[in-house]
Amino acid sequence: MAKGLRAIKRKIRSMQSMKQMTKAMELVAAAKLKRAQLAAVAARPYAEKMREVISSIASGSDIRHPMLEAREIRRTGYLVLTSDRGLAGGYNANVLRLALSEIGRHASQDEYVVMVVGKKGREFFRRRKIPIAHEIVELPDSPSYLDIKSIAKAAVDGFIEEQYDELYLIYNEFRSALSQVPVKRRLLPLTEDNLGGHRAAYEYEPTPEEVLDALLPRYAETLIYSAILESKASEFGARMTAMGNANKNAGKMIDTLTLQYNRERQASITLQIAEIVGGANALK
Amino acid sequence: MRTLRLEVVTPDRKVYEEDVRMVSVRGVAGSLGILPNHIPLVTPLRIAPVKVRKADDTVEWLAVHGGFMEVRKDKVVILAEMAEKGSDIDVLRAKAAKERAEARLRSRQENIDYRRAELALQRALARLQAAGGSEE
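Sequence order for the protein chains is A and B. If you want this note's numbering, it's the position in the first sequence, counting the first as 1, plus 377. If you want this note's numbering, it's the position in the second sequence, counting the first as 1, plus 1.
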């Protein structure tokens with residue numbers, strides 16, 4: 378009997394250390410979430426200002442620009458944002474499922490181009506033998522603009538060079554710390570939704586076209602940056618929730634195991650007493 | 002004395018926000034000095050130091066790496082991928098970067114990316130000028 382007791386005790390102990398670990402991860406994720414949210418807020422003025430200027434140019438005159446124009450869609454680009462590490466509940470699984478179902482609509486591999494952020498996404502597509510045009514992994518927890526510039530530029534250049542005729546972002550939208558929803562957003566060509574209607578009369582130097590030429594790619598890159606920051610915040614939110622649940626479950630397991638342990642202990646004591654009493658009775 | 006509000010914003014943060022008398026920048030089409038009540042204007046910028054004359058008549062330098070500037074009647078917003086205050090610049094690092102870029106441009110090898118080296122050199126020079134200006 379004593380053997381069974383020891384096994385249970387060992388289980389309780391390992392459960393307790395697991396609980397400590399999940400608790401620590403939950404706290405770390407909560408702290409990082411806060412920082413990621415601040416970074417997302419800090420990035421907003423830049424994008425907003427840019428949108429203001431671009432929309433005033435775009436609405437102020439009848440300027441045409443390839444990045445603003447829908448063309449016939451022969452190939453589609455997807456930029457999928459995932460994390461490097463797991464233990465974040467359904468965070469990566471959800472976004473990758475959405476990406477796969479989108480890609481599944483295409484008849485052949487010639488019709489789409491996949492770009493990916495994060496190891497989880499990279500491994501997922503590699504396993505499925507889906508070619509990855511660009512990838513970036515091991516981003517820091519609060520990435521700076523320079524960290525992501527290479528992939529943002531590659532994604533926008535791909536559209537400008539007509540490697541694909543539309544570009545979708547697939548990532549976890551941050552609704553709240555508890556809720557992250559995988560979404561698909563069309564980034565390029567830029568449309569009225571992306572720009573909004575704001576009007577201000579400016580002089581442009583040298584010309585409106587050249588200003589727009591310089592601004593539009595930057596703006597699209599900025600939108601990608603915002604999405605990456607948002608998906609980082611989502612990652613920490615998801616991890617916090619997942620670890621919170623794991624922590625709760627570990628607590629429950631410890632309770633049941635402790636109960637089981639006490640029962641077994643009681644049973645063995647009862648058995649011993651019964652043996653002693655039995656022995657004493659036999660001597661009478 | 003009239004002033005205008007200058008904001009320098011990068012994707013990561015707001016680098017600078019202050020009431021100033023005059024802003025001197027180098028746009029793609031030439032140098033510009035902006036005083037209060039300037040006509041609304043938008044122009045892309047070159048990689049160059051930006052000179053700011055503050056409300057108390059002191060001069061401050063900023064290194065602005067490209068981007069563009071929006072001018073309104075009483076407000077100037079500079080949006081750049083990178084920007085630093087002159088006083089925040091690590092001069093030694095900028096010097097090292099300048100020498101690296103110069104060496105690369107001098108080496109005249111076939112396989113180097115001239116454009117990249119040139120941009121690096123411009124950035125280093127802008128930093129050094131901005132840092133030097135602020136020390137005066």
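Every residue, glycine too, gets a C-beta built ideally from N, C-alpha and C.
- Task: Closer than 9 Å by beta-carbon distance: list the chain A residues that pair up with Pro41 (chain B), in chain order.
- Result: Ala577, Ala578, Tyr579, Glu580
- Message: For a quick check, are the C-beta atoms of Glu582 (chain A) and Leu33 (chain B) less than 9 Å apart?
- Response: yes
- Mapping DSSP to helix, strand and coil, what is Ser645 (chain A)? helix
- Message: With three or more C-beta pairs closer than 8 Å as the rule, is the stretch 487–496 of chain A touching the stretch 446–463 of chain A?
- Response: yes
- Message: Can you tell me which residues form a DSSP beta bridge with Ile79 (chain B)?
- Response: B:Val9, B:Met70
- Item | Cross-chain neighbours of Ala417 (chain A) in chain B, by beta carbon under 8 Å | Under the 8 Å cutoff, chain B gives no residues; its nearest Cβ is about 11 Å from Ala417 (chain A).
- Task: Just confirm the distance between the C-beta atoms of Arg6 (chain B) and Asp75 (chain B), as a whole number of angstroms; I'd bet it's less than 8 Å.
- Result: 6 Å
- Message: Any C-beta of chain A within less than 8 Å: which residues of the stretch 19–30 of chain B qualify?
- Response: Gly28, Val29, Ala30
- Starting from Ile525 (chain A), trace the alpha helix (DSSP H) both ways and give me its first and last residue. 522–537
- Query: Under a Cβ-count criterion, where at least 16 other Cβ atoms within 10 Å of its own Cβ denotes burial, should Ser135 (chain B) be classed as buried or exposed?
  - Reply: Confidence at Ser135 (chain B) is low in this model, with a pLDDT of 44, below 50, so the placement of that residue should be treated as unreliable; the coordinate-derived value is given next. The residue is buried, with at least 16 neighbouring Cβ atoms inside 10 Å.
- Item | Same chain only: Cβ atoms within 8 Å of Ala127 (chain B), ignoring 5 sequence neighbours per side | Ile48, Ala49, Pro50, Ala64, Val65, His66
- Exposed unless 16 or more other CB atoms sit within 10 angstroms - verdict on Tyr541 (chain A): buried
- Taking all protein chains shown into account, do 16 or more other C-beta atoms lie within 10 angstroms of the C-beta of Val9 (chain B), making it buried, or fewer, making it exposed? buried
- Within 9 Å, strictly: CB atoms of Lys99 (chain B) and Tyr17 (chain B): no
- Item | Cβ pair Leu606 (chain A), Ala465 (chain A) closer than 9 Å | no
- Task: Consider the Cβ of Asp13 (chain B): report whether some Cβ of chain A lies at a distance smaller than 9 Å.
- Result: yes
- Residue span of the beta strand (DSSP E) that contains Pro33 (chain B), given as start and end: In the sequence on display, residue 33 (chain B) carries Leu and not Pro. Per DSSP, Leu33 (chain B) belongs to the beta strand (DSSP E) from 31–35.
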